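Novice: First, the structure itself, so that you have it in front of you.
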Amino acid sequence: AAGVIQSPRHLIKEKRETATLKCYPIPRHDTVYWYQQGPGQDPQFLISFYEKMQSDKGSIPDRFSAQQFSDYHSELNMSSLELGDSALYFCASSLRSGTEDQETQYFGPGTRLLVL
Amino acid sequence: AQSVTQLDSQVPVFEEAPVELRCNYSSSVSVYLFWYVQYPNQGLQLLLKYLSGSTLVKGINGFEAEFNKSQTSFHLRKPSVHISDTAEYFCAVSVRDSWGKLQFGAGTQVVVTP
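The structure is reproduced here in structure tokens:
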């Protein structure tokens, strides 16, 4: 079965540079979530989208922005990168099907960002 | 707000022995409960979930978990582990009917040795 696709898988940037992470949800899934996992930490929710509208917002820095497009893929834009932004960034997707399973999030493999 | 506590940060276990990973949560509203596994340098894979119905849920790779509402717990068990079960295990909750974020516990590192 098709899974969530994230690109790139690895990214190295310098401080103060920008980065764009992409997420392609499972086909027909309409909701996308972004999480950040620092070294040795649990994933922290950043932001989510449903039908191209922001659905929920967590601890996302103002330097970060995200959007969901008409084909449901999503992009996380990160500017003025700091050393502390080095982390694994996960995208997850779900389908608001009207059943309880709509609450199940399926994760991609993550993008590992290293800021030097 | 919801919170998740995984009581053990690391659990060493011998191959073919049973393992139990403890998870407690607190929430003022109804929640859904999940266990995810993260193998080294990989993403998060859904092991199992409790949405409603039977409180004993079975997942992939021989894992099962029991939802206990009175104790607000969702402990994960496997009767006989393999070396390949070495991984980080995360318990997570989301608020029912909110399509909302997952709140994760700090994770439990399971190390299986021969």
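First to last, the protein sequences are chains A and B. When you line the first sequence up against this note's numbering, it's residues 1279 to 1394, in that order. When you line the second sequence up against this note's numbering, it's residues 71 to 184, in that order. We put the CB at the ideal spot given by N, CA and C, even for glycine. From a predicted model like this one, the values you see are computed outputs, not experimental measurements.
Can you check DSSP and say which residues form a bridge with Phe84 of chain B?
Specialist: Position 14 of the second sequence, counted from the start, is the residue given in the question as residue 84 of chain B. B:Thr183.
Novice: Residues of chain A with CB closer than 9 Å to the CB of Gln112 of chain B, please, in chain order.
Specialist: Counting from 1 along the second sequence, the entry for residue 112 of chain B is found at position 42. Ordered by position in chain A, the residues that pass the 9 Å Cβ test against Gln112 of chain B are Pro1387, Gly1388.
Novice: Is the region 1332-1349 of chain A touching the region 126-140 of chain B in the sense that three or more CB pairs, one from each, lie closer than 8 Å?
Specialist: No, because fewer than three Cβ pairs between the region 126-140 of chain B and the region 1332-1349 of chain A fall closer than 8 Å, the two stretches do not touch.
Novice: For Ala1370 of chain A, count neighbouring Cβ atoms within 10 angstroms of its own Cβ and tell me buried if that reaches 16, exposed if not.
Specialist: Position 92 of the first sequence, counted from the start, is the residue given in the question as residue 1370 of chain A. Label assigned to Ala1370 of chain A: buried.
Novice: Which residues of chain B have a Cβ atom closer than 7 Å to the Cβ of Thr1309 of chain A, listed in chain order?
Specialist: Here residue 1309 of chain A corresponds to residue number 31 of the first sequence, with the count starting at 1. The answer, in chain order, is Trp169.
Novice: Against chain B, does Pro1317 of chain A count as a neighbour if the rule is that its beta carbon must be under 9 Å from one of theirs?
Specialist: Within the first sequence, residue 1317 of chain A is the residue found at index 39, counting from 1. Chain B, which has no Cβ nearer than 9 Å to the Cβ of Pro1317 of chain A, makes this no.
Novice: Let's test the definition: count the other Cβ atoms within 10 Å of the Cβ of Glu1329 of chain A and tell me whether it reaches 16, buried, or not, exposed.
Specialist: Numbered from its first residue, the first sequence carries residue 1329 of chain A at position 51. Under this definition Glu1329 of chain A is an exposed residue.
Novice: Is DSSP giving Ser140 of chain B helix, strand or coil here?
Specialist: Translated into the one-based positions of the second sequence, residue 140 of chain B becomes position 70. It is coil, neither helix nor strand.
Novice: From the beta carbon of Tyr1313 of chain A, is the nearest beta carbon of chain B less than 9 Å away?
Specialist: Your numbering for residue 1313 of chain A matches position 35 in the first sequence. Cβ-Cβ to chain B under 9 Å: yes for Tyr1313 of chain A.
Novice: If we ignore side chains and look at the alpha-carbon of each, how far apart do Ile1338 of chain A and Tyr1367 of chain A end up?
Specialist: Sequence index remark: in the first sequence, residue 1338 of chain A carries index 60 (1-based). Sequence index remark: in the first sequence, residue 1367 of chain A carries index 89 (1-based). Whole-angstrom Cα-Cα distance: 12 Å.
Novice: Smallest Cα separation from Ile1325 of chain A: which of A:Gly1318, A:Lys1335, A:Gly1316?
Specialist: In the first sequence, residue 1325 of chain A corresponds to position 47, counting from 1. Measuring from the Cα of Ile1325 of chain A, the nearest candidate turns out to be A:Lys1335.
Novice: State the CB to CB distance for the pair Gln1284 of chain A and Ala1365 of chain A, rounded to an integer number of angstroms; the pair is presumed to be in contact (CB under 8 Å).
Specialist: Start at 1 with the first residue of the first sequence, and residue 1284 of chain A comes out as number 6. Start at 1 with the first residue of the first sequence, and residue 1365 of chain A comes out as number 87. Actually they do not touch by this definition, with Cβ atoms about 13 Å apart.
Novice: Compare the Cα-Cα distances from Gln1383 of chain A to each of A:Lys1291, A:Tyr1313, A:Arg1390, A:Thr1296 and report the closest residue.
Specialist: To locate residue 1383 of chain A, count along the first sequence from 1; it is residue 105. Answer by Cα proximity: A:Tyr1313.
Novice: Tell me which same chain residues have a C-beta within less than 7 Å of the C-beta of Gly177 of chain B, skipping the five on either side of it?
Specialist: The count along the second sequence starts at 1 and reaches residue 177 of chain B at position 107. So the qualifying residues of the chain are Gln76, Glu158, Tyr159, Phe160.
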